[in-house]
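Chains as they are written, first to last, in the working numbering: chain V, 122 to 280; chain Y, 122 to 280.
Quick notes on the structure that follows.
There are 2 protein chains.
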Amino acid sequence: MDAAEERIRRTGYSGFSFREIAADVGVKSASVHYHFPTKEKLAAAVARRYTDRFLEAVDHQLAGGEDIVEAWRQVFRVALQRDGRMCLCGALGATSQDLSREVRDEVKRFFLLGIDKLTMAGLARNSALHVLAALEGAMLTANVLEDPSLFDKGTAALA
Amino acid sequence: MDAAEERIRRTGYSGFSFREIAADVGVKSASVHYHFPTKEKLAAAVARRYTDRFLEAVDHQLAGGEDIVEAWRQVFRVALQRDGRMCLCGALGATSQDLSREVRDEVKRFFLLGIDKLTMAGLARNSALHVLAALEGAMLTANVLEDPSLFDKGTAALA
DNA sequence: TGTTGTCTATCTATCGATAGGTAGACGCTT
DNA sequence: AAGCGTCTACCTATCGATAGATAGACAACA
Numbered sequence: 122m123d124a125a126e127e128r129i130r131r132t133g134y135s136g137f138s139f140r141e142i143a144a145d146v147g148v149k150s151a152s153v154h155y156h157f158p159t160k161e162k163l164a165a166a167v168a169r170r171y172t173d174r175f176l177e178a179v180d181h182q183l184a185g186g187e188d189i190v191e192a193w194r195q196v197f198r199v200a201l202q203r204d205g206r207m208c209l210c211g212a213l214g215a216t217s218q219d220l221s222r223e224v225r226d227e228v229k230r231f232f233l234l235g236i237d238k239l240t241m242a243g244l245a246r247n248s249a250l251h252v253l254a255a256l257e258g259a260m261l262t263a264n265v266l267e268d269p270s271l272f273d274k275g276t277a278a279l280a
Numbered sequence: 122m123d124a125a126e127e128r129i130r131r132t133g134y135s136g137f138s139f140r141e142i143a144a145d146v147g148v149k150s151a152s153v154h155y156h157f158p159t160k161e162k163l164a165a166a167v168a169r170r171y172t173d174r175f176l177e178a179v180d181h182q183l184a185g186g187e188d189i190v191e192a193w194r195q196v197f198r199v200a201l202q203r204d205g206r207m208c209l210c211g212a213l214g215a216t217s218q219d220l221s222r223e224v225r226d227e228v229k230r231f232f233l234l235g236i237d238k239l240t241m242a243g244l245a246r247n248s249a250l251h252v253l254a255a256l257e258g259a260m261l262t263a264n265v266l267e268d269p270s271l272f273d274k275g276t277a278a279l280a
């Protein structure tokens with residue numbers, strides 16, 4: 122799943138294959154099929170784990186006394202700068218119209234829970250949408266322009 | 122190129138094929154190769170045309186007396202709601218790390234010219250980054266959640 | 001002994017790309 | 001006007017590579 126996550130975050134859904142992630146971890150593609158019968162199931166499982174971990178990380182930031190928006194911003198920043206990759210749900214969501222229901226619903230879950238969490242913390246619904254959009258978009262921009270510092274610059278106005 | 126643009130906006134770079142777009146327009150894949158020798162060249166050409174058209178559309182909005190940010194917002198809105206698809210450069214940019222230099226540079230061009238245009242109009246560089254990121258992110262969010270109205274809600278704060 | 005996990009081997013379908021050929025439109029020269 | 005080359009835009013056929021997926025054998029372990 123680690124290998125799959127990395128590949129998906131770099132290439133999107135249609136860009137990764139069983140053979141590649143099998144090679145990454147040193148097994149054969151048939152062995153990956155043993156654990157995840159289809160590509161959809163694998164992607165859905167990876168997306169679910171990613172979302173759960175992401176929200177946990179936000180909670181951890183909040184526990185450290187961070188402001189809610191700054192907490193989200195910090196977790197996105199780490200995802201971009203430590204991993205050097207896009208947000209998994211951003212990478213999948215960009216081709217959302219081409220995903221199967223199962224995978225698409227997991228990606229949806231990331232955004233829906235994100236909006237929930239931000240509104241629970243007191244933000245208006247439109248503000249929650251704006252924060253999530255800006256963070257996801259800044260990550261994309263920084264990635265395209267190959268300059269991680271652009272994430273901070275593009276999200277400075279949120280703080 | 123129309124067919125290719127639509128496919129790329131729905132499925133990203135690795136998700137579209139010569140055969141598919143050939144079938145879309147009623148020819149064979151070899152005929153597409155005649156006009157575009159490689160997949161990279163085709164994607165790069167489509168991205169360049171998309172960027173040029175996009176910037177022209179912004180200029181057209183500006184000529185109508187629209188505020189610069191509102192002009193950009195309006196063009197993004199049309200791209201989302203009329204076409205019902207992601208921004209081409211957003212769809213390609215999400216898997217930016219996996220694109221060839223040629224295609225990647227065309228996607229970069231979209232963002233660089235966008236930032237240029239916004240700063241020329243008087244915005245601070247960080248503000249320009251923020252606007253572009255928020256628009257691109259709001260488009261992604263609206264697409265994933267299958268609700269075009271979320272674009273307006275998520276970008277209301279820009280106006 | 002039964003379960004779990006991985007293997008080898010193979011299937012069908014599709015990928016991007018190329019080779020070689022053809023029909024028709026156009027311009028130039030005789 | 002007739003003939004000749006050239007160009008465009010497609011075609012059929014095929015290439016090697018790779019995709020996702022499956023069946024069945026084998027080894028380790030409880």
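Ideal Cβ positions, reconstructed from N, Cα and C, are used throughout, including at glycine.
These numbers come from a predicted model, not from an experiment.
At a cut-off of 8 Å between C-beta atoms, S217(V) counts as an interface residue with respect to chain Y. With respect to the C-alpha of L261(V), the residue from A215(Y), A277(Y), L244(Y), Q202(Y) having the closest C-alpha is A215(Y). Close CB contacts of L163(V) within its chain, under the 7 Å cut and outside five residues either way in sequence, are with A125, F157 (chain order). Note on geometry: alpha-carbon atoms of D219(Y) and A192(V) lie some 29 Å from one another. Every unbroken stretch of the alpha helix (DSSP H) spanning 4 or more residues and falling wholly within the stretch 176-206 of chain V is given here in chain order: 189-202. Chain V places no beta carbon closer than 8 Å to that of R222(Y), leaving this residue out of the contacts. With fewer than 16 other Cβ atoms inside 10 Å of its own Cβ, K149(V) counts as exposed. Using a CB distance below 8 Å, the part of the stretch 130-145 of chain Y facing chain V consists of R131, T132, G133, Y134, S135, G136, ordered along the chain. No Cβ-Cβ contact shorter than 8 Å links F137(Y) with V153(Y).
Going by DSSP, C210(V) is part of the alpha helix (DSSP H) stretching over 209-214.
Remark: three or more beta-carbon pairs, one from each stretch, lie closer than 8 Å, so the stretch 245-261 of chain Y and the stretch 244-261 of chain V are flagged as touching. Positions of the alpha helix (DSSP H) runs, each at least 4 residues long and wholly inside the stretch 137-166 of chain Y, are given as 139-146, 150-156 in order along the chain.
Judged by their CB atoms, R194(Y) and L250(Y) are not nearer to each other than the 8 Å cut-off. Against chain Y, the CB of L266(V) has a partner CB under 8 Å away; the residue lies at that interface.
When DSSP states are grouped into helix, strand and coil, Y134(Y) belongs to the coil group. Rounded to the nearest whole angstrom, the C-alpha separation of I189(V) and N264(V) is 24 Å.
Using a Cβ distance threshold of 8 Å, S221(Y) and E161(Y) count as a contacting pair.
Cβ contact annotation for V196(V) (same chain, cutoff 8 Å, sequence separation greater than five): F175, A178, V179, Q182, in chain order. Taking the C-beta atoms as reference points, A212(V) is found nearer than 8 Å to G133(V).
In terms of Cα proximity to T172(V), the closest of R246(V), E227(V), A277(V) is E227(V). Under the Cβ distance rule, L176(V) does not count among the residues neighbouring chain Y, no pair being separated by less than 8 Å. Within chain Y, the residues whose beta carbon sits less than 7 Å from that of M207(V) are A215, listed in sequence order. Residue state for D123(V) is assigned as helix, using DSSP reduced to three classes.
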